[in-house]
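Engineer:
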Amino acid sequence: MSKRPSPTGGAHAAPSRDPKHKPGYKRTKGYYKSEVEREAFRQGMSVEEYGVYKGSVGSAVKPVNSAGGLLAISLILSCLVAGALVAFTIHWIQSGPAEALKNTVPLLLAGMFVPWSWVYYARERKAERLRKERGITLIRPE
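All the letters of the sequence shown, read from the start, carry residue numbers 2 to 143 under the working numbering.
1) Taking the straight line between their C-alpha atoms, what separation do you get for alanine 14 and valine 58?
2) Regarding valine 87 and the ligand GDP, is the C-beta to nearest heavy atom distance less than 6 Å?
3) Spell out a yes or no on whether the region 112-121 and the region 68-84 are touching, meaning 3 or more CB-CB pairs, one atom from each, closer than 8 Å.
4) Under a three-way DSSP split, which group does valine 87 fall into?
5) What residue does the alpha helix (DSSP H) around serine 35 start on, and which one ends it?
6) Compute the Euclidean distance between the alpha carbons of phenylalanine 89 and glycine 52, then round it to the nearest angstrom.
7) Is glycine 136 helix, strand or coil when you go by DSSP?
8) In or out: tyrosine 32 buried (at least 16 other Cβ within 10 Å) or exposed?
9) Which word fits glutamate 40, buried or exposed, when buried means at least 16 other C-beta atoms lie within 10 angstroms of its C-beta?
10) If you count every other CB in all the chains shown that lies within 10 Å of the CB of glutamate 134, and 16 or more means buried, which is it?
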């Protein structure tokens, strides 16, 4: 048996570059959450008044994140998932549960986006209402 230390341990092991291994490490917020906080602070409003992320980093197209745009997205997603649920039910009835259960994962994945989109719409609607009450005009980042 060799008495060599394991590659990750021992007195001569290189320190880990992973920030989680540093003493006093504190998990940071996600990129978009910190961007919302910075942008809200820059415009002199609270995070609640700013609403959802309004930049275009991470998206190929210009985002539609006003309350009206998020409402349209939420309605479209809800209709698509409802249609998929109807098609799934018809498929279940025609071919039986064994065959139809193969389609549950995509249906559940698509269904996860519906509540998420409605939460974003509600958050942005509340932010627009709060900005209107305070008389604040939002400057959208470019």
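Ideal Cβ placement from N, Cα and C applies to all residues, glycine included.
Given the structure is predicted, the values throughout are model-derived calculations rather than measurements.
Structural biologist: Let's see:
1) Because alanine 14 sits at a pLDDT of 48, beneath the cut-off of 50, its placement in the model cannot be relied upon, and the following sentence gives the value as read from the coordinates. Cα-Cα distance, rounded: 38 Å.
2) With respect to the ligand GDP, the structure shown offers nothing to examine, as it has no ligands at all.
3) Touching, yes.
4) helix
5) 32-43
6) 35 Å
7) coil
8) exposed
9) So glutamate 40 ends up on the buried side.
10) exposed
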